[in-house]
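2 protein chains.
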Amino acid sequence: MTLPHPNTDQISLPIVLGVLGDPTRLAIVRYLASKEGLPLNCSRFLDLASKTNLSYHLAKLREAGVTRAEVVGTNRMITLRRADLDARFPGLLDSVIAAAADDTALPAVGGHDLEMPA
Amino acid sequence: MTLPHPNTDQISLPIVLGVLGDPTRLAIVRYLASKEGLPLNCSRFLDLASKTNLSYHLAKLREAGVTRAEVVGTNRMITLRRADLDARFPGLLDSVIAAAADDTALPAVGGHDLEMPA
DNA sequence: CCAATTGTTCAATAACTTTTGAACTAAGGA
DNA sequence: TCCTTAGTTCAAAAGTTATTGAACAATTGG
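If you're matching them up, the sequences are chains A and X in order. Heads up, the first sequence is in this note's numbering, so the first residue is 1143 and it goes up one at a time. Heads up, the second sequence is in this note's numbering, so the first residue is 1143 and it goes up one at a time.
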């Protein structure tokens, strides 16, 4: 059970930009970037949208090649495709994330900690 | 007769990204970047869309703060707001333009020369 | 097996975006 | 003044995207 992802050379700039042009999706990407390396499951993002709507936005991100989703049991673990994006569009992701951090009109990235309970 | 433009601190990242996510507008921006400094009138872009449609896309770019339009007689001279974009979102415009140049799925920027006829 | 958890799909709707042609304005040149 | 050039505005049509709730599927733990 693997989900469809474009390969690196199929990632399209206008599609990536369009996908990042939505505030919910930009927030998802910022959150992923802030926890980079850690695979996060979808329900991490439930403060950003309803479950159904999240499914929609996460599919858009995945289909655009911005994120990767791996099926692990009943979870989908989501990661940023940083290496692929950097290879295809050097500097783009970093400048978008830095720009988002500078844009005071956007909410700060959520700081849920993810330590295991002791 | 001046047209409405957002000031620098009003430029919003998701709006800019959304606006650049359209292939016609991305092509306009690439062309402006390739002729940087030169103010170009709207009809420079008639190969990209119809006159009416161009008016629509150029308004979107202007309202997002990506371009500036100055009324000069019967022309609107369009320039990239590079300094403002660089101030607000450092590196973003450069990486978008570089990414567009790398994206072989996008058409090469049109090379109309603009020498005055002899 | 049963129930809970995680997330998807579907159909409907609402909201927005893009594109078009026809009519228009405003400036400039003959 | 009349014609042309440059571009806008408007309303309609077409297309696309976002959001919702209800129903569904798959896995896991008891």
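Note that CB positions come from ideal geometry on N, CA and C, so glycine has one too.
- Under the three-state reduction of DSSP, R1223 (chain X) is assigned to coil, being neither helix nor strand.
- Per DSSP, V1161 (chain X) has no beta bridge partner at all.
- The C-alpha of P1232 (chain A) lies about 15 Å from the C-alpha of A1241 (chain A).
- According to DSSP, residue pairing for E1178 (chain A) in a beta bridge does not occur.
- I1153 (chain X) is a Cβ neighbour of G1207 (chain X), given a cutoff of 8 Å.
- Counted as a single uninterrupted DSSP element, the alpha helix (DSSP H) harbouring R1204 (chain X) occupies residues K1193 to A1206.
- Only R1230, F1231, P1232, G1233, L1234, D1236, S1237, V1238, A1240, A1241, A1242, D1244, D1245, A1247 and L1248 from the stretch 1220–1253 of chain X bring a Cβ to less than 8 Å from some Cβ of chain A.
- In the DSSP assignment, the residues bridged to N1217 (chain A) are A:V1214.
- With fewer than three CB-CB distances shorter than 8 Å, the stretch 1194–1202 of chain A does not count as touching the stretch 1149–1164 of chain X.
- For I1153 (chain X), there is no enclosing alpha helix (DSSP H), since its DSSP letter is neither H nor E.
- For D1189 (chain A), there is no enclosing alpha helix (DSSP H), as DSSP marks it with neither H nor E.
- About 6 Å separates the beta carbon of R1167 (chain X) from that of L1203 (chain X), a gap short enough to meet the 8 Å contact definition.
- When 8 Å is used as the limit between beta carbons, D1164 (chain X) is near these residues of chain A: P1156 and G1160, in chain order.
- Take I1239 (chain X), set aside five residues on each side of it, and the residues of its chain with a beta-carbon closer than 8 Å to its own are V1171, R1172 and A1175, in chain order.
- Around L1234 (chain A), the same chain offers L1227 as residues with beta carbons nearer than 7 Å, after the five sequence neighbours per side are excluded.
- According to the DSSP assignment, L1234 (chain A) belongs to the alpha helix (DSSP H) that extends over L1234 to D1244.
- Under DSSP, no beta-bridge partner is assigned to T1144 (chain X).
- Residue contact with chain X for L1168 (chain A): present (Cβ-Cβ distance below 8 Å to some residue of chain X).
- Straight through space, the alpha carbons of A1247 (chain X) and L1159 (chain X) are spaced by roughly 19 Å.
- Its Cα nearest to that of T1209 (chain A), the residue A:L1222 stands out among A:L1222, A:D1244, A:S1192 and A:D1245.
- Put simply, of X:P1148, X:I1157, X:H1147 and X:T1216 the residue whose alpha carbon is nearest the alpha carbon of C1184 (chain X) is X:T1216.
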